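Student: Below is one structure. I have some questions about it.
Given below as structure tokens:
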């Protein structure tokens, strides 16, 4: 319940005024009221100027990276998302792997591929993602290049298969309505970091990558407060929103309401460190060809840009798939997760998991 009987420019204005005048006193409830305005048809009467000012005030006050604000905003936007019927969700431990983007490294589509590989190893993955915003190829882009059709909201249950992808644009109409305003602003807004928290399938476990260390504890608290059962928030020490193959990765593990901070390294997965240049991505078409070759144990595509290599990309995928398998409760540790990920690829199980989704 919002406590507001009618949304108007006048009901939004005092919220905006409070955020500008005293951002440190801006509460979770005021955040909820603000985002209820934004989620209404025609933004509850709030004008584009007011919305732009609100998003700017959130950013430059630092509140766009405040876990209390992020949790409250995500709670509201999930409420307005198109509902999803996930068959078996009561018994299956549904997981997702996703990053905030914004790291600027343009690596291969590792989270999408790792999701498929983990699904081939027995995980139930409902991945939520979108087109690229800061890289050449986002999850929706590579899957479109692979011939996958978007699952559109119909009210019917999702296919009960190992891997499913939900395109954010189909399930968050209120956020889509804000796109013209967001595009008119010369900065990333709170919506760029909200995305990983808005999976309408409500996964029980998650691997979530952030592009800067300061966001790690913020997202860990947001996941905990949002009711996640198990999760690991990761940030490669070079500022990568994935588990890095190049060296250390900061981690924040969420379980049983507790958050434990740590550092992991490729050697803990049984993998040798390699430069990030070896896992550089390309266009959706090239990345799609690379994914197909990888999951079919085929030779490296000719157009994979050097020094990127299939062996490095395979290791990079296995690193991240391993973490997802641990979160899913399928692997007991990262080395076992890596072995399971390799077996998923080399046995063809990962490819079969992908085919089931593509052919649905």
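In the numbering used here, the protein residues as written are 5 to 364. For glycine and all other residues, C-beta sits at the position ideal for the given N, C-alpha and C. Computed from a prediction, not measured in an experiment: that's the story for all the values here.
Could you tell me the distance, in whole angstroms, from the CA atom of residue 88 to the CA atom of residue 100?
Tutor: The residue given as residue 88 occupies position 84 in the chain shown. The residue given as residue 100 occupies position 96 in the chain shown. Between residue 88 and residue 100, the C-alpha separation is close to 15 Å.
Student: Within 10 angstroms of the Cβ of residue 199, are there 16 or more other Cβ atoms? Answer buried if so, exposed if not.
Tutor: Taking the chain shown and counting its residues from 1, one reaches residue 199 at position 195. Buried, by the Cβ-count rule.
Student: Check this for me: beta carbons of residue 17 and residue 30, under 8 Å apart or not?
Tutor: Position 13 of the chain shown, counting from 1, holds the residue named residue 17. Position 26 of the chain shown, counting from 1, holds the residue named residue 30. It is not a contact, given that the beta carbons lie outside the stated cut-off.
Student: Count the CB pairs spanning the region 241–258 and the region 65–78 that are closer than 8 Å, and state whether there are at least three.
Tutor: Touching, no, given that fewer than three Cβ pairs across the two stretches are closer than 8 Å.
Student: Ends of the beta strand (DSSP E) at residue 100?
Tutor: By one-based count along the chain shown, residue 100 stands at place 96. Where residue 100 is concerned, the enclosing beta strand (DSSP E) stretches over 98–103.
Student: Excluding the five sequence neighbours on either side, which residues of its own chain have a C-beta within less than 6 Å of the C-beta of residue 178, listed in chain order?
Tutor: Locating residue 178 in the chain shown gives position 174, where the first residue counts as 1. Excluding positions up to five away in sequence, the list reads 43 and 84.
Student: With distances taken Cα to Cα, identify the nearest neighbour of residue 191 among 61, 223, 131 and 129.
Tutor: Along the chain shown, one-based indexing puts residue 191 at 187. Checked all of 61, 223, 131 and 129; the closest Cα to residue 191 is 61.
Student: Quick test of the definition: if touching needs 3 or more C-beta pairs under 8 Å, does the region 266–280 touch the region 121–130?
Tutor: The region 266–280 is not in contact with the region 121–130.
Student: Answer yes or no: do residue 147 and residue 169 have a C-beta to C-beta separation smaller than 8 Å?
Tutor: Here residue 147 is taken as the residue at index 143 of the chain shown, counted from 1. Here residue 169 is taken as the residue at index 165 of the chain shown, counted from 1. Yes. Within cutoff.
Student: Whose C-beta lies closer than 7 Å to the C-beta of residue 135 among residues of the same chain, with five residues either side of it excluded?
Tutor: As a working note, residue 135 is residue 131 in the chain shown. So the qualifying residues of the chain are 142, 144 and 145.
Student: Can you confirm whether the region 306–326 touches the region 283–295 when touching is taken to mean that 3 or more C-beta pairs between the two stretches lie within less than 8 Å?
Tutor: In short, these stretches touch, since the Cβ pair count reaches three.
Student: Roughly how many angstroms lie between the CA atoms of residue 164 and residue 90, to the nearest whole one?
Tutor: Translated into the one-based positions of the chain shown, residue 164 becomes position 160. Translated into the one-based positions of the chain shown, residue 90 becomes position 86. Approximately 8 Å between the Cα atoms of the pair.
Student: Would you identify the three-state DSSP class for residue 347, choosing helix, strand or coil?
Tutor: Along the chain shown, read from residue 1 onward, the residue named residue 347 stands at position 343. Of the three classes helix, strand and coil, the one that applies to residue 347 here is helix, per DSSP.
Student: Taking 8 Å as the cut-off, does the region 315–326 touch the region 336–348 (at least 3 CB pairs, one atom from each stretch)?
Tutor: Touching, yes.
Student: Closest to residue 241 by C-alpha separation, out of 272, 81, 280 and 208, would be which residue?
Tutor: Position 237 of the chain shown, counted from the first residue, corresponds to residue 241. Ranking 272, 81, 280 and 208 by Cα distance to residue 241 puts 280 first.
Student: Got a sec? Which residues, its chain only, sit under 8 Å from residue 79 by beta carbon, not counting five neighbours each side?
Tutor: As a working note, residue 79 is residue 75 in the chain shown. Excluding positions up to five away in sequence, the list reads 36 and 230.
Student: Name the DSSP bridge partner or partners of residue 210?
Tutor: The residue labelled residue 210 in the question sits at position 206 within the chain shown. BP columns for residue 210 point to 100 and 235.
Student: Taking the alpha-carbon positions, what's the residue 210 to residue 328 distance?
Tutor: Locating residue 210 in the chain shown gives position 206, where the first residue counts as 1. Locating residue 328 in the chain shown gives position 324, where the first residue counts as 1. Answer to the nearest angstrom: the Cα atoms are 7 Å apart.
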